Each structure stands twice: as structure tokens, then as C-alpha cells.
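As C-alpha cells, the structure follows; a few thoughts come after it.
In our numbering, the protein residues as written are 142 to 1100.
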């Protein structure tokens, strides 16, 4: 078995071998004694006084005269079945390698121990079923269980451990202790005891001879109470109960104290079950008397409903009578209660008051008062005018006020309103209202007396909207000829507008006075025109020009540089021309919108199109060079560029010179410069782009010249071109500017390039690339164990992969160290899966041994059970069937399921063996708790679950 670094290692017992006494020295040099305690060796490297140790295995080394400063390099080498524990003696260490510098006498021991694992089982008693408990080993391993036992495997040695549980109601008999594993399995018992606390209930308040009953619940939240104890009736004042500590602070104990004497109120309370440490608790139980109180009234009509609400006490039901009696608690000799009475009869109103409560009968007299309600008359004029209100119950009010308020009882009333101001009239001067248990507000509207004011319009097109604004911010609009408004007596200002900016009123504003008669006014509008100025530039001095505006007469010949016209609002277009045919100006549009307009007229020389075309006659070139910018520079200062096959622009008559260039070194233009003349027609020019290449020379080194021609072939593959081959030391190709990727290879397996791939850059010059080759040697991988015809795989360096259906794979490699990985197959595995091969000027052969897997198969019930093999949880089918592939070795299997006993098995599998298992788990028996005669109460309420086994496995295997 191969053990990983996760095995449990504690302090080990001393081993049988005892270091011998150091021999006496005969000179001043120190004595060195190095030896083994256990089964194994020490690998020694050191040189001194003519002695030379290089990777020598020793079990015991002694020298009485070692020169000062000598260095001993020690490495542990335990025998199979043993492992290294520590160095002890002059230097104490757990490192596998140790350097000792001789500057004093040295006595050093390497301690080895057997690597056999033994079962350690902790058996728990005392905890409620399904309660988690924990085991912590000082080596760092921790385990937990909710069952009665906990198992793991450990090597020989001394161990310290501690025990705990999250259930605060229980405590282990020991919290920490030591145990020793010494060549056999070990069982350790752990007992938990429940913690109880004394709770005293102290009753006060009840008269002598009155009994009471006590209930105690375990309470978590609303509707989650579990009755623990009920005692009574009790005649004494004190009762003692022993309760366990609850496992969580969220659990509380609830108690209820009840008496059959209706003159005293029952009690309820809570206290925490998380007591912390052992101790006692006293709960005061105080009963409070509840005497009668009677409320009596004698004013409401028969059948009227009324209520009594007592602050801090009960609220009555609807009362249909003259009295109401209820119970109230009283904690002192006298107690003051506030109360509120109310009634459904809207003609009466309740009130809030207080009374003194006595331990005997208390009587309270209730008095209801008659209800009146406010009726408010509010008017809409501000400041207030003089007016009067009369209502049918005889009340009336008048004066300069914005409102009058009356107090009246429930009922229906009529009213009348009179305006005492001659300039105002009442919109509605009479009416009625009903008061029915709520205030009432009536709004009285007054309005001024109004007169007609008419405005008659002329000058606007039919349907055009116009408006008048008067004093006070009033705006009146119309689309007809006449606009009539109504206004009260007074002086007014007015303003006239129209949304049509083409027209304006002859007078924008005015005023008038209304003094008891209607008024009439006339309003006239006229069309508005704005100045439009045209400013000319570009013509030679003395040349004339013409302007034609839509809907307007032509300007005629204009010799000045400006021309003006008067136009109403609107949209216009215009044309400009000249008798000088060498110049032209564009036609355009403008808008007059309520302000003057200035337009610039620019004459420009007549131009003709000039086009340069990119052409190619070289089959290796592109037409045009795709995506590469090329440029044309003209003597008048224009600098033009394009990535398409043409560049076009416009020039007036004249002679021009040009230069052509391109944005890379792959092409060159022909011609690169020239001249042309524009004389009343367009001009075009073809530019030829030639492909530019440079020589790239590959220099071979390493392939002997004496080989035959076919054995000397070597190859170069460059991006974008066919493969090139040569038997000469030099291979030349032609390439344009750019960066290229290449690969090298040899036609002879006896040679490999030292660098297979690379890149180079051509940038306007020839390039030389070295091509070095090194001799190769065969690496033969031979497999043993897989029948012939079955494919097997080996992965090599740099992601390479090889396979064969025979027994051998042959590779060719140059000198160097290589790592190969043999892959496990469906039915076979290998322990030699990683090979490190050193090629050093000769052919090599390596063997790979394969072994047939063993199998564990069968079924399990229940089908949801958990199956672990050496601590690893395995996958099983939905029907409970399983089939595991394993390497040869010993195995420990555990099967568990909630509510069932665990299944354990240990067995050994040889190569190709098959282990068949049919596993049916047995259900666990139920587990119940009990209550002691001393009224001890348990707090466990969980259902038992299956024991969870902890298995520590350190075996490497295939899954």
C-alpha cells in the first residue's frame, strides 16, 4: 500500500535500538556516529580525510576523527512497509534530508516506524438520539457523529484528543485525554450526562386557602409549545422544579399560573433555558385582584346603543340598556383608570374621564350631553362685501365678512341670502340644508354686473386668429371679424396681437372706461414687409450679375456688390447668374420670418473632374492594393489619399504637376510623378503599382555532406507559399516586405531541427535565416500485459501523443531529457505511468507493465444508501446496482443509510478478480427518552438516524 501525506501521525514510542555510547577520541577532531532506529537505511554524501561517500546506503556509521567543518548530507531511505518519523540526537528535525556541519561530537539517529493502520473506535452513551458530538485529535484531524460510535484508522503512537457537543444540556465525563495505538485496534468509551437547574416558583397575592395550578412548556415560537409539566392544585406558596439547560438561546421556558377564583387574574411568563452554568432561578408568581366596576346612564332615549372603553382594561360590547359591569385588575389598594364613553345616537356626545378603582365594587355615573353642529356660510368675494344670512330657526347674521358660522342641532333648515352692495348680485339667494351628525359648509357665490365691449377687425385674411389682453391679465381670442367680451364698471387698458407675423395692428394698445353702458371699438391690421439684402463676392471687378426671386420681378443687371428688396414673411427661392461664363453661383432658398435677412452670393470658377486610377500588370500584385492607402499630391497644395482603385477631384483650367506614393514598401507606383493640363474638359491618368520582393536565404548546418542526396533533403514551409526543399546548405526564396512564420523539417529521421518554428521580418532588405539540425536517436517503448491488437496510448513532451495496437512504440529524439506518460486503458492500468528518459548519444528501450483491473460489483438496499470504498463515496445506479474498477490491493467498504445499521467489509483483490456483494441494510431500532421520579425533564425530541462512519484511507487507486 502507498500512503499519502495525510496519514495520522502522533508521537511514537521509543524503538528497540539504543544508540551505543560514543567511543573515546584519541585526538582533537570530533567523533561522528550516525545510525538507524527501525527498518531502513541512510543515504550518505560526504568527503573527508581520503574518504569519499557518494549516495552510499548505510545502517551505521562511526568515525572517531572527522576534521572540523566536514559536511554530512543525510537522506532517509526506509524499507518497504516503514516510513520516516524524525531525526533525533544532536539535531532534531522531521525533514527527509539533513545537512550536518561537524563542529562538535555528533550523535544522530534516523527513526523509522511500521506503516500499519489500526482501527480506533469511540463509543458514546448518554446523548439524545441524533445529537452531534465531536472528536478533535491534536494532530489536526477532526471527526463528528450523530450516532453512538465514531471510527477511524491510525498508526502506532500516542495521541491527545478532546470531546465536545453543541447540545448545551449535556456535558462529557472527560473533555480531553490521551490514548496510545500499539499494534492492535482500540475501543474508548465516552459518557455524556444531562445538566439540570433548580427553578423555584414563588406565589404571592392569593388569599389563604385559595389553590393555584402551574403549567410549564418548552417554547420556541408562536404555536410551537411542548408541555413539560402540569402540577396542582397547589395550596402552598412555593413550588420547586428541576429543568435541563436548553441547547439554544432561541428556546425559552413558558409558565402559566391559574386559579379558579374569578376575582384574581391568571398569569403567564417566560424565562431563558440557556442557564450558562449550574445554578438556581426564582420566578415570582404574583396574582392580581380583579373586582367589579358598574357604569350607569339615564339620559339616552330607549334603544340607543352606547360603549365604554377603559384605558389599560377591557372595551365593552355594544350596550343596549342603562348599565354595564366588567372586571378590572387592581395591583394596589386604589387604582385610577381613564375611560371613554360614546353612543350611536348623533344627538348626544360622549367624553373621556377617570375613576378610582377599589378592591370592592365601584360605581360610575355616565352623563351624555346634547350635540350641536356648526353650519358655515362662506362667500366668494374678497375683500368682503356687505351681505346678510337668515335661517329658519330664527338665527341671522349680516355685515362685511367672508363667512358666518351658526350652531344648530340635527335637522333640516331653510335659508335666504341678501346682497347689501349695489354692484354685486347673489347667484342663488335661497336654499335648504340638513344637519346629520356632522358640520356643514355652504358656499354662497356673488358676481359683479357686466357690460358688453365689442372690437371689430379689418385687414386680416379670413380665418386668421387675433387676440386682446385686458387689465388683470385676461386674454380673449377669436378667428372672426368681431370679438365681444363682458366687463364690469371700471377703467381698462388693452393690447392687440395676432399669431400671423405677416400683419401688425395699426395701434398695439389703448384704454377705455365702462360706466354702466356697452362700448364698441374698431381695430385695423396691415401687411408687414422686411428688408432682404444679397451681398456678392467672387466676380472680377466690373462684371455684372442678375438676381431672380420667385414671385418677384428680376433685378436686371447689377454692377454693385449688393442688392436689396422688401418682402413679406414667407419662403422664397432665388437664382443668380453672370455673363462671365468662367464663373457660376448656386441656386438656393431663404425664409423671411419677422426680421430682416442677409444672403451671401458667392461666384466660384468653373472646374473639371480629374481622376487617377490604380492599375496592376503584375499577377502577384493586387488591383488596387487592398486596404493600403496611396497618395496623390498636386502643385496647388491638394494632398489626396484613397484605399480604393481611384482618386478623383476638381480643378479649373490650367497646368499642374503631381507626385504619387503608397503607404508600404510592398508596391511602387509607375510613374511616380508627372504633369497635366485642364483645358475645358476632364482629365484621367492610370498609375501602375508593381510588386517589390527581396531575397530570403536559409543557411543549413548539421546535416553531413557525405549522405546520399535523398538522405540530405531538408524542408522550409513559409506562410502563404508552397513548401521548399533543398539538398544544398543554402535555400533561397523571394518575398515582399512583411513578417512571416516558418517551420523546418528533415527528410531523414536521423536529424531534427534545433528550432522547428520561427518568424522573420522583411523590411526593404534581404534576410538570412539560420537552419541548424541535430542528430536523433530511437526511443523504444515496449508494453507488457495488454493483449496484442488492443490500442494503448503514450503522451510525450509539448503535447505530443502516440498510440499502437502492437507491443512497441518507436520515437526519434535528439539528446535531452524527456517525460512520457502512459495512460490507463479501459480494462488495464499501469504503475509505470510516468517515465523520465535521458537521450545521450545512443538508442534507448523502456518497458511499461500493465495489469488487469479487479472489480467490485453487486447491489445495495435501500437504493439511496451511501457506499464508500476506503473513504471515497462511490456512484451507484438508481436501482441500487454498482460496478467499481479497482487496482490490486486491500479494501475497506462502508454502506450507510438514514434509519439503517451500517455495513462494513474488508477484503483483498488480486489482478482480474471480481468481488460480488449483495448488501441489504437492517433497520435501526427506535430510541426513546424517559423522565425521572424527581421531576427531571428531558429536552431531546429528534428521530434517530444511522451511524456515520469515518474512514481514513490513504490508498492510491483508479476510479
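A virtual CB, placed ideally from N, CA and C, is assigned to each residue, including glycine. These numbers were taken from a predicted model, which means no experiment stands behind them.
Its chain contains 754 and 756 as the residues whose beta carbon lies nearer than 7 angstroms to that of residue 827, once the 5 sequence neighbours on both sides are disregarded; these appear in chain order. Between residue 780 and residue 797, the beta carbon gap of about 13 angstroms keeps them out of contact (Cβ cut-off 8 angstroms).
In its chain, beyond the 5 residues on either side, 926, 968, 969, 1052 and 1053 have a beta carbon closer than 8 angstroms to the beta carbon of residue 993. Of 894, 930 and 878, the smallest CA-CA separation from residue 905 is found for 878. Annotation: residue 435 to residue 449 spans about 11 angstroms, alpha carbon to alpha carbon. In this structure, residue 618 sits near residue 608, with a CB-CB distance shorter than 7 angstroms. A contact between stretches requires three or more CB pairs, one per stretch, nearer than 8 angstroms, and the stretch 266-285 fails this requirement with the stretch 229-236.
Comparing C-alpha distances from residue 944 to each of 961, 339 and 954 shows the shortest one belongs to 961. Setting aside the 5 residues that flank it on each side, residue 589 is surrounded in the same chain by 564, 565 and 629, each with a C-beta closer than 7 angstroms to its C-beta; the list follows chain order. Judged by DSSP in its simplified three-state form, residue 498 adopts strand. Put simply, of 939, 897, 952 and 833 the residue whose alpha carbon is nearest the alpha carbon of residue 903 is 833.
Selection 465, 1050, 338 and 1006 evaluated against residue 1061 yields 1006 as nearest (Cα-Cα).
DSSP, read as helix, strand or coil, puts residue 851 in helix. Inside the stretch 495-567, DSSP marks whole beta strand (DSSP E) runs of 3 or more residues at positions 503-507, 514-520, 527-532, 537-541, 544-549, 552-560 and 565-567, from first to last along the chain. Taking C-beta atoms as the reference points, residue 791 and residue 748 count as a pair closer than 7 angstroms.
Residue 909 places its beta carbon less than 7 angstroms from that of residue 838. The beta-carbon separation of residue 278 and residue 300, rounded to 6 angstroms, stays under the 8 angstroms limit for a contact. Residue 508 and residue 465 have their C-alpha atoms some 14 angstroms from each other. The beta carbon of residue 822 lies closer than 8 angstroms to those of 749 in the same chain, with the five residues before and after it left out. In summary, residue 242 is exposed, with fewer than 16 beta-carbon neighbours lying within 10 Å of its beta-carbon over all protein chains present. Note that the stretch 947-957 does not touch the stretch 1015-1023; fewer than 3 beta-carbon pairs, one per stretch, sit closer than 8 angstroms. The stretch 1033-1067 is shown to contain whole beta strand (DSSP E) runs of 3 or more residues at 1044-1050 and 1055-1061, in chain order.
By a beta-carbon distance limit of 8 angstroms, residue 253 does not contact residue 201. Their separation comes to about 14 angstroms. Of the residues assessed, residue 374 falls on the exposed side of the cut-off, its CB having fewer than 16 other CB atoms within 10 angstroms. Contact annotation: the stretch 868-884 touches the stretch 801-809, with at least three C-beta pairs closer than 8 angstroms. Per DSSP, the continuous beta strand (DSSP E) segment holding residue 397 begins and ends at 393-399. Scanning its chain for C-beta atoms nearer than 8 angstroms, with the 5 sequence neighbours on each side dropped, one finds around residue 510 the residues 489, 490 and 492, in chain order. For residue 1067 and residue 331, the gap between their C-alpha atoms comes out near 21 angstroms. Annotation note: the stretch 667-692 contains the following uninterrupted beta strand (DSSP E) runs of length 3 or greater, listed N- to C-terminal: 670-678 and 686-690. The beta-carbon separation of residue 615 and residue 640, rounded to 18 angstroms, does not stay under the 8 angstroms limit for a contact. A residue is called buried once 16 or more other Cβ atoms fall within 10 Å of its Cβ, and residue 1064, having fewer, is exposed.
Beta-bridge partners assigned by DSSP to residue 1022: 1000. Taking every protein chain shown into account, the CB of residue 643 has 16 or more other CB atoms within 10 angstroms, so this residue is buried. If you look at residue 894, you'll find it in the beta strand (DSSP E) that goes 892-894. DSSP places residue 812 outside both helix and strand once states are collapsed to three, so it counts as coil.
A Cβ-Cβ distance of about 7 angstroms is found for the pair residue 504 and residue 437, placing them in contact under the 8 angstroms criterion.
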